[in-house]
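Asks: Quick one: this structure, given as structure tokens, is what I'll be asking you about.
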Amino acid sequence: MKSLLYIANLRLPTEKAYGIQIAKMCEAFADSGLKVTLIYPKRNNLNIKGDIFDYYSVKKNFISKLVNAPDFYWSGGLDKIAVAVKSFISARALVREALKENVDVYYTRDELIAYFLSRKNKNVIFECHKFSNKRKLFYSRFKKMNLKIVAISDGLKEDLVKFGIESSQILVARDGVDLDDFNIKISQIDARKRLFSNLHWEAFARKKIAVYVGNLYLWKGVRIFSEVAKYLCEKDVNYLLFIFGGTNKKDIDVLKEELKNIENKFHPNLVPIFYFGKFPYREIPYILKTADCLILTGSERDILSTKYTSPLKMFEYMASGCPIVAQDLPSFREVLNDKNSFLVKPGDAKALSDEIALVFKEENAKMAEEKATKALEDVKDYTWTKRAEKIIGFF
């Protein structure tokens, strides 16, 4: 049995998507026959109780180790400096720990750790999630060492090849989903009752509901929702838009302020957008089950969104069996198409609103069901297990 050490220079568990991906990939690598150990730095997290196995509901088929590293925060403008310093210190600590392990493969999504280990002539696989000219030092080293790279999108591979890294050294392995997590046996009405029992769920039960799940970063394109809200108020469209997620207080405050401004302009009872805050990962399947339509947004002005992302929620949406309305971005197009989703012009609030309304019309119910069924079929190619097997075949 080959052994793999996954080195994550990140806080775990976390509300952010990277935590799900790391936990699920360790589980999938182990399911595929590897002896897997995950190491990560000790970080304070007052919002999450329990270990990585409980929080993400993954099997205890791999070893999880915390590595002692200083954890500190500096206020104001020094915050980013603190993160960089802390990341560098923990990277050195993780590498020292990694070198104690006699494993076949060292796997990481951290450029600094891949750089340090490559200088020790270790068999390193680097999983790349974005390309930046600020990281040329690392890419040059990876190129020189013929380091194998796993890129999460075609757009990423394209820019790495342009930099000079051999195409044969790069594997595109998009993110994935655990289908069993989303194959829940609960009706839509019971899911709504479960989640909205304290919020007049009977009224919600009579409405068509569109749902967005995820973070509220600018590059996610979520600012479009305030424009969508204005359009819906003006047109008096009879459906609701629910937003779940957000981990950054500043982003959450901005969204709340925008929705409050809309309430001040229109009567509060007319505003059809509700923000429900962040939630545990295990609740996502139930949230998606409440929806009649799922919304996937991005920013056409941000390269991270247009070329580099492979959003977990896209695959989770597909696995839910619910119709998807997505903005038509190249990164989404690597998986989505006109047969498995409804695609709209990026950045166009009216187009997004109109497409949701189109999905909700009774005469389009069959078309919406066919697209959702096709997405559910297509997502079977994007399980964590298949991704792990593809990566193992690569190295």
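For the sequence shown, the numbering used here assigns the number 614 to the initial residue and increments by one for each residue that follows. Glycine residues also receive a C-beta, built at the ideal position from the N, C-alpha and C atoms.
Let me check understanding here. Comparing Cα to Cα, which of Y995, L917, F973 and G1006 lies closest to L853?
Replies: F973
Asks: Would you check if the distance between the CB atom of K699 and the CB atom of F685 is smaller than 8 Å?
Replies: yes
Asks: Which one or two residues does DSSP pair with T860 in a beta bridge?
Replies: DSSP lists no partner for T860.
Asks: Could you tell me the alpha carbon to alpha carbon distance between S918 and Q940, rounded to whole angstroms?
Replies: Straight-line Cα distance between these residues: approximately 11 Å.
Asks: Would you tell me roughly how many angstroms separate the C-alpha atoms of F1007 and L784, rounded to the nearest one?
Replies: 7 Å
Asks: Can you give me the C-alpha to C-alpha distance between L730 and V737, rounded to a whole angstrom?
Replies: 7 Å
Asks: Among L868, V835, D967 and P936, which has the Cα closest to the Cα of E990?
Replies: Minimum Cα distance to E990 is reached at P936.
Asks: Buried or exposed: P885, going by 16 or more other Cβ atoms within 10 Å of its Cβ?
Replies: buried
Asks: Can you name, in chain order, every residue of its own chain whose Cβ lies under 8 Å from the Cβ of N977, other than the five neighbours on each side?
Replies: Around N977: L971.
Asks: Buried or exposed, going by whether 16 or more other CB atoms sit within 10 Å of the CB of V696?
Replies: exposed
Asks: Drop a sphere of 10 angstroms on the beta-carbon of R1000, count the other beta-carbons inside from all chains shown, and report buried for 16 or more, exposed for fewer.
Replies: Counting Cβ neighbours within 10 Å, R1000 comes out buried, since at least 16 surround it.
Asks: Based on DSSP bridge pairs, tell me the residues matched to A823.
Replies: L854 and C906
Asks: Just to confirm, is the Cβ distance from T910 to V835 under 8 Å?
Replies: yes
Asks: Please go through the region 922 to 982 and give each complete alpha helix (DSSP H) segment of 4 or more residues, from N-terminal end onward.
Replies: 925 to 933, 943 to 946 and 962 to 973
Asks: Could you say which of N746, K984 and L750 lies nearest to A727 if we only look at CA atoms?
Replies: The shortest C-alpha separation from A727 is found at L750.
Asks: Report the residue from D788, I762 and K891 whose alpha carbon sits nearest the alpha carbon of I778.
Replies: I762
Asks: DSSP puts V649 in a beta bridge; with which residues?
Replies: L617
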